[in-house]
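A.B. asks: Let me give you the structure first, and then I'll get to my questions.
4 protein chains.
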Amino acid sequence: MELVKAGIVGASGYSGLELIRLLLGHPEVEIETIVSPSNAGFKLNEVFPHLTNIQNCEFDALDVNDLASKVDVVFFATPAGISSQSIPSLIEMGIPCIDLSGDFRLKGNGLYEEWYNHSSPPAQVLEQAVYGLSEFYPEEIANANLIANPGCYPTASLLGILPIIQQDWVDPSSLIIDGKSGLSGAGRKTSLAAHFSEVNENVSAYKLGKHQHIPEIEQLLSMQIEKEIQVTFATHLIPLTRGMMCSMYMNLLTEKTTNQVIELYQSFYENHPFIRIMPEGKWPTPKGVAGSNYCDIGFSVDDRTNRITVISVIDNLMKGAAGQAVQNMNLRFGFAETEGLMLSPVFP
Amino acid sequence: MELVKAGIVGASGYSGLELIRLLLGHPEVEIETIVSPSNAGFKLNEVFPHLTNIQNCEFDALDVNDLASKVDVVFFATPAGISSQSIPSLIEMGIPCIDLSGDFRLKGNGLYEEWYNHSSPPAQVLEQAVYGLSEFYPEEIANANLIANPGCYPTASLLGILPIIQQDWVDPSSLIIDGKSGLSGAGRKTSLAAHFSEVNENVSAYKLGKHQHIPEIEQLLSMQIEKEIQVTFATHLIPLTRGMMCSMYMNLLTEKTTNQVIELYQSFYENHPFIRIMPEGKWPTPKGVAGSNYCDIGFSVDDRTNRITVISVIDNLMKGAAGQAVQNMNLRFGFAETEGLMLSPVFP
Amino acid sequence: MELVKAGIVGASGYSGLELIRLLLGHPEVEIETIVSPSNAGFKLNEVFPHLTNIQNCEFDALDVNDLASKVDVVFFATPAGISSQSIPSLIEMGIPCIDLSGDFRLKGNGLYEEWYNHSSPPAQVLEQAVYGLSEFYPEEIANANLIANPGCYPTASLLGILPIIQQDWVDPSSLIIDGKSGLSGAGRKTSLAAHFSEVNENVSAYKLGKHQHIPEIEQLLSMQIEKEIQVTFATHLIPLTRGMMCSMYMNLLTEKTTNQVIELYQSFYENHPFIRIMPEGKWPTPKGVAGSNYCDIGFSVDDRTNRITVISVIDNLMKGAAGQAVQNMNLRFGFAETEGLMLSPVFP
Amino acid sequence: MELVKAGIVGASGYSGLELIRLLLGHPEVEIETIVSPSNAGFKLNEVFPHLTNIQNCEFDALDVNDLASKVDVVFFATPAGISSQSIPSLIEMGIPCIDLSGDFRLKGNGLYEEWYNHSSPPAQVLEQAVYGLSEFYPEEIANANLIANPGCYPTASLLGILPIIQQDWVDPSSLIIDGKSGLSGAGRKTSLAAHFSEVNENVSAYKLGKHQHIPEIEQLLSMQIEKEIQVTFATHLIPLTRGMMCSMYMNLLTEKTTNQVIELYQSFYENHPFIRIMPEGKWPTPKGVAGSNYCDIGFSVDDRTNRITVISVIDNLMKGAAGQAVQNMNLRFGFAETEGLMLSPVFP
């Protein structure tokens, strides 16, 4: 059988590199081209010596027509404002696109401009975009030509709270998300905020009340429960390279034990191999999912305050970016959802 | 003038070591004896080479009478259940004690047994204990012979929320505290939870709903606003040695801007040199207080959700333990509050 | 075709866990039993939640006869002094054993006792042991029933220096090895030396002149060049979980440029897919091989001092332990050398 | 008595910040002006919030005449090529200068151009510069108007090897230095090489054979033993913020035990309070000197190879930069050598 030919645009960032790692191990796909305007003409292993002898090719410049003539699917792992310039042509030429950037995630009027400070993608293209939260929209993804791959924080938080919110056990307006992310989520761009001497032995809150993942989370919640929801979402950089934890707090509307919540989630995610529910008294850690596509979720019901704490962790470059993108590609091309993704966590 | 002679019990733990560092630089105090039953007879610099040529003495065993005959003040930097065995005799002999453990912090009936799993200290001694949150109880501390030095999390969180809670601008029952601590807060005992290979590149929630600092925070809040309060408090270990951040979330009862909150705090803490308020749009970091006695506090009011986020940071071994203990000793002995504590943060 | 059934003894240590990760992805092997006396009866995922839903089994106790009846190959990932008690019976029963411990590595009289402080394994078993440095002894490994998998430092250093030493371009007696290892190499045992608060923001020299890998390196060197060699080998713990670098210094006997050395190594390792040679002016890093079986090697000839510096890096749990063990199993069972090991480095 | 007025040029880098920290605690000095062309006009605490309420001033632009009119001493903590433009005028105006950059360290003809790639400072100024290795040139420093403060690696390595080299117990031409430095030594400039995601969980060799500290070390060695010496010096970045270790290897010319070496050093450094010698079997660590001005040195004689290993550690921003600069200022102004520097290490 012929392999699916993939192109990766933005291959020199961390999510692009993770796509290369995953597609190299995928039995149904081959990497046809890697695109990076800033590195065009350089050999991959000159820029990334860790890929020496593994993938021998050069970075290409971005040429949409050339791309369309060579590949069966394009992944965009680009900063905001880039993919929306190329994707309209590509899907018009019939090339399915999986976009890891935020360009096609926000449907609401003016939301993208407001939170991203870029101009909106064309409305008729935007409406074709399917939100790629794999466990919730598998059929839509299977039929989409434009998949807006979720952000890392929205993935970790939505997988952790949607089951209980859908069940009406909690007050969704009470939701507070305390997000903790490693540095790779902020990309490979140099800045003082990413300087080792300032990150190491430190933790910092950032973009409080202003993070572009806020409207993404709210949009999904509102869609799922058909009610407008506003959430408090505070993000923190912690001194790790990979890994993300969302600690989430909600008021219970009804008396439940931690075990009842665990049973709800186990049943909800029964047929979803990448979601793992922790037993009572144990909470998941980023190290437990490092390098893998798992999302691990744990719970603590506090009957003194009548609140529930949900802890959800992912590897931000895997389930939070490249891993989920490959999962979506699997759904779209009819492969097993887990194809190329059955990687055990790298522990310790 | 004669120097105050200090004894440090539990001098081989991290808080004890920090007391040694601080008292060595204190112009009004000399270290008379360091006590560590497990290290008795060993030279300090055999166990801690970093103190070679700085403090040449041996660890003593714990002998309360001997201690009382030699010193003017005793610091206890011991695990739970230790200080309550010696302090009653010491204060009866007229020796003021500053206890960095939790033994004398909880006043409520049975609270200590419930949360610490040790038997309560004698009631008539407990009632003499003053809670050593320096900025809030300076006069009580000045007159106390038994100072219960606050826990690290209670220090960071209470300093961050009491001003606004006292002002009735927020609903205290909505309070959620997401605590993030470096590893030194957990002490020098070896365990898998402190093993470098498992802590590094990781973050972990622990003791959710069960942390012994919960009743301590609640007790103070309830005292200050004369109402029973229950809080949600979730603690996380992050991969740093020193440093602590409490991210705190509350519902506003009245419309306020971030700047109004900043002004409230600036005015409230005007005469308190160790509390620093961040300007709008900036939030404090543990690295900004490392090695110093400062508590830095920043704010974000979100008018979309009508909630306020307060970020409060300390060095857990300084303002969260030894630094505040020295501050309390200064208050008790009539020295300037900042004596021996005007150390700039060690940055980076 | 039937899968090879593997047993892993010492499955609860870091090397054992890495074997589980690798064998789960190996198309020709299945894990038949995992043995850990201290965890016998516990489910794997109770002890290691990161393996939940991936491998569902219990730890077994160690029973040599039972083991022999169930498996085709046994890996020992045990502390010194353990494997030598079980391996004699197993190989007598015809079960090939791959020993990741040091028990069967040292051939010299009394060497094992001297450096490991345990009594020697039986001489007639020891003489059957083949040293499993895959790139150097592939044929011996293919025919061995007892493979002594090399230590992590010896793997990194020998792969880095043997080609140039065999070529007589350097004076082997001038060899100085400065080894730098992450903490996982020291295992999962708790100790102050592995306590996060003491390892983080630190680096420490240890076992200077006394490390048990010294005689292992010397033995191999002496075998290869048929001359007794003594080396200076200084080991340092650096604050990372995985990864090892050996910086090695030797006096050149003849004038060579860095590029001549690079060509020598490229030619020497031409058919060895796991060895990668860095171009001039670039040196390898542990992050470039993390989670993979590669050994990357770089060089710097200094014509001012007439010395060469060789930098060799591996992931100590992969090429330095489990990865090379699987590579040796592949050689022994006639699989492609790279089977199950074509994992790209996890970067960053 | 009047305080010495100090100016700090390059106050926004890590060494400049450390000078501010030290001078704030120095009883004989006040900071009169902090200069940073790129931050001129900004308040110190806008750029460095950790100094809020501690030092309230603005950054000044660099104006040599203005500087000379205001201060009694100037510290330069600037990149290469800057101080040599201002220092000639300042010392002509009679203002003593302490230069933490490398501009005035190399005396040899053309050496500075060769290794720094900048043009040499004027010869007649250069010849006035005294090399500020405090323990070796106290009298010269006391009488100098231009003190070339040593580099961090030269400080750690020279203090570790000069006593034994002067004693003729080792062959100086056999010297190999394996240097390991935290990231703060590379300054606050952003770069991929300082990006947290690439530094964390990694170690990297850099500038092998090309580091600008090589001629500085060689020049001092040659001066001390009156013989031209070339050394092998290999530098490595390790994932810590502060701290430096030099592991040094030399061939013994005569049979000595580790304890004989220890006695030599103890005697040599008897009256030097910042040098501490470790007992046999213990080696120093950067954490043991963090935040302090100590240099700790340990030894291991290997009678198998007839080599000695010397381990020397410093805090690169203290004894390796700002700490030694203040020590030199003390010598120059006739204060006690330890004035303002008796800070205990911040441990852990």
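Protein chains in written order, with the UniProt record's numbering: chain P, 1 to 348; chain R, 1 to 348; chain X, 1 to 348; chain V, 1 to 348.
All C-beta atoms in this analysis are idealised placements derived from N, C-alpha and C, irrespective of residue type, glycine included.
None of these values were measured; they are calculated from a predicted model.
At which residue ranges does the UniProt domain "Semialdehyde dehydrogenase NAD-binding" (5-144) of chain V contain complete beta strand (DSSP E) runs of 3 or more residues, listed in the order of the chain?
C.D. replies: Entirely contained in the UniProt domain "Semialdehyde dehydrogenase NAD-binding" (5-144) of chain V, the beta strand (DSSP E) runs reaching 3 residues are, in chain order, 29-35, 73-76 and 97-99.
A.B. asks: If you check the beta carbons only, do P:Pro-154 and P:Ile-217 fall under 8 Å apart?
C.D. replies: Yes, the pair counts as a contact, with Cβ atoms nearer than the cut-off.
A.B. asks: According to a CB-to-CB cut-off of less than 8 Å, which residues of the stretch 270-298 of chain X neighbour chain V?
C.D. replies: Flagged, chain order: Trp-283, Thr-285, Pro-286, Lys-287, Ala-290 and Gly-298.
A.B. asks: Is it the case that the Cβ atoms of P:Thr-190 and V:Thr-190 are separated by a distance below 8 Å?
C.D. replies: Result yes, Cβ atoms of P:Thr-190 and V:Thr-190 sit closer than 8 Å.
A.B. asks: Less than 8 Å between the C-beta atoms of X:Tyr-265 and X:Ile-297, yes or no?
C.D. replies: Cβ distance < 8 Å, so X:Tyr-265 and X:Ile-297 count as in contact.
A.B. asks: Would you tell me roughly how many angstroms separate the C-alpha atoms of R:Cys-246 and R:Gln-260, rounded to the nearest one?
C.D. replies: Using only the alpha carbons, I get a separation of about 21 Å.
A.B. asks: Please name the residues in the stretch 182-207 of chain R whose beta-carbon is closer than 7 Å to at least one beta-carbon of chain P, in chain order.
C.D. replies: Here the close residues are Ser-197, Glu-198, Glu-201, Asn-202, Val-203, Ser-204 and Ala-205.
A.B. asks: Kindly indicate if chain P contains any beta-carbon less than 8 Å away from that of V:Thr-52.
C.D. replies: No, V:Thr-52 lies away from the interface with chain P (no Cβ there is under 8 Å from its Cβ).
A.B. asks: Run through DSSP, which three-state label would P:Leu-146 get?
C.D. replies: Residue state, collapsed to three classes: strand.
A.B. asks: Going by DSSP in three states, V:His-195 sits in which element: helix, strand or coil?
C.D. replies: Three-state DSSP puts V:His-195 in a strand.
A.B. asks: Taking beta-carbon pairs under 8 Å, can you tell me which members of the stretch 230-256 of chain X lie near chain V?
C.D. replies: So the close ones are Gln-230, Val-231, Thr-232, Ala-234, His-236, Ile-238, Pro-239, Leu-240, Thr-241, Arg-242, Gly-243, Met-245, Ser-247 and Tyr-249.
A.B. asks: In whole angstroms, give me the CA-to-CA distance for X:Val-310 and X:Glu-263.
C.D. replies: Rounded to the nearest angstrom, the two C-alpha atoms are 14 Å apart.
A.B. asks: Using the Cα positions of R:Ala-144 and R:Leu-220, report the straight-line distance between them to the nearest angstrom.
C.D. replies: Taking the straight line from one Cα to the other gives about 18 Å.
A.B. asks: What three-state label does DSSP hand P:Lys-180 in the structure shown?
C.D. replies: In this structure, P:Lys-180 counts as strand in the three-state DSSP scheme.
A.B. asks: What does X:Tyr-14 touch in chain P if you count any residue whose Cβ is under 7 Å from its own?
C.D. replies: Here the neighbours are Pro-348.
A.B. asks: Should the stretch 196-205 of chain R be regarded as contacting the stretch 101-109 of chain R, the criterion being three or more beta carbon pairs within less than 8 Å?
C.D. replies: Contact between the stretch 196-205 of chain R and the stretch 101-109 of chain R is absent, because fewer than three Cβ pairs lie under 8 Å.
A.B. asks: By how many angstroms is the C-alpha of V:Gln-85 removed from the C-alpha of X:Val-170?
C.D. replies: One C-alpha to the other measures close to 46 Å.
A.B. asks: Leaving out five residues on either side along the sequence, give the residues of the same chain with a beta carbon under 8 Å from the beta carbon of R:Leu-331.
C.D. replies: Here the set comprises Ser-134, Pro-138, Ile-141, Ala-142 and Glu-337.
A.B. asks: For P:Asp-178, would you say it is in contact with chain R, using Cβ-to-Cβ distances shorter than 8 Å as the test?
C.D. replies: Closer than 8 Å to some Cβ of chain R, the Cβ of P:Asp-178 qualifies, so yes.
A.B. asks: Would you verify that the beta carbon of X:Ile-311 is, or is not, closer than 8 Å to some beta carbon of chain V?
C.D. replies: Yes, because at least one Cβ of chain V sits closer than 8 Å to the Cβ of X:Ile-311.
A.B. asks: Sorted by chain position, which residues of the same chain lie with C-beta nearer than 6 Å to R:Arg-105's C-beta, five sequence neighbours on each side aside?
C.D. replies: These residues qualify, in order along the chain: Ala-148 and Glu-216.
A.B. asks: Helix, strand or coil for R:Met-250? Go by DSSP, reduced to three states.
C.D. replies: Reduced to three states, the DSSP call for R:Met-250 is strand.
A.B. asks: So is V:Ser-157 buried or exposed if we call it buried at 16+ other beta carbons inside 10 Å?
C.D. replies: The residue is buried, with at least 16 neighbouring Cβ atoms inside 10 Å.
A.B. asks: Using only the alpha-carbon positions, how far apart do V:Met-278 and R:His-26 sit?
C.D. replies: If you take the alpha carbons of V:Met-278 and R:His-26, they lie about 27 Å apart.
A.B. asks: Going by DSSP, what residue range makes up the alpha helix (DSSP H) through X:Ala-156?
C.D. replies: Where X:Ala-156 is concerned, the enclosing alpha helix (DSSP H) stretches over 152-166.
A.B. asks: Would you tell me roughly how many angstroms separate the C-alpha atoms of P:Ile-308 and P:Gln-167, rounded to the nearest one?
C.D. replies: The alpha-carbon atoms of P:Ile-308 and P:Gln-167 are separated by roughly 14 Å.
A.B. asks: I need the straight-line Cα distance from R:Lys-282 to V:Ser-184, nearest angstrom please.
C.D. replies: Approximately 24 Å, taken between the alpha carbons.
A.B. asks: Of the choices X:Gly-334, X:Val-74, X:Asp-302 and X:Leu-62, whose alpha-carbon is the least far from that of V:Ala-234?
C.D. replies: Of the listed residues, the one whose Cα sits closest to V:Ala-234 is X:Asp-302.
A.B. asks: Along the beta strand (DSSP E) that carries R:His-236, what are the first and last residues, could you check?
C.D. replies: Residues 232-237.
A.B. asks: Mind checking who V:Tyr-206 pairs with in its DSSP beta bridge?
C.D. replies: Answer is V:Thr-235.
A.B. asks: Do the CB positions of V:Phe-59 and V:Ala-129 come within less than 8 Å of each other?
C.D. replies: Not closer than 8 Å, so no.
A.B. asks: Against X:Pro-79, what residues of chain P qualify as contacts under a CB-to-CB distance less than 9 Å, listed in chain order?
C.D. replies: By Cβ distance, chain P contributes nothing, its closest Cβ being about 18 Å from X:Pro-79, past 9 Å.
A.B. asks: Do we get a CB-CB distance below 8 Å when we pair V:Gly-320 with the residues of chain X?
C.D. replies: No - not a single Cβ of chain X is within 8 Å of the one on V:Gly-320.
A.B. asks: From this set, V:Phe-333, V:Ala-194, V:Gln-224 and V:Gly-323, which residue's C-alpha is nearest V:Gly-151's C-alpha?
C.D. replies: The residue with the shortest Cα to Cα distance from V:Gly-151 is V:Gly-323.
A.B. asks: Distance, Cα to Cα, V:Leu-23 vs V:Val-326?
C.D. replies: Those two C-alpha atoms are separated by around 8 Å.
A.B. asks: With 8 Å set as the bound, which would you pick, yes or no: does the beta-carbon of residue 399 of chain X sit closer than that to a beta-carbon of chain V?
C.D. replies: The structure shown does not extend to residue 399 of chain X, since chain X is modelled only from 1 to 348, so the question has no answer here.
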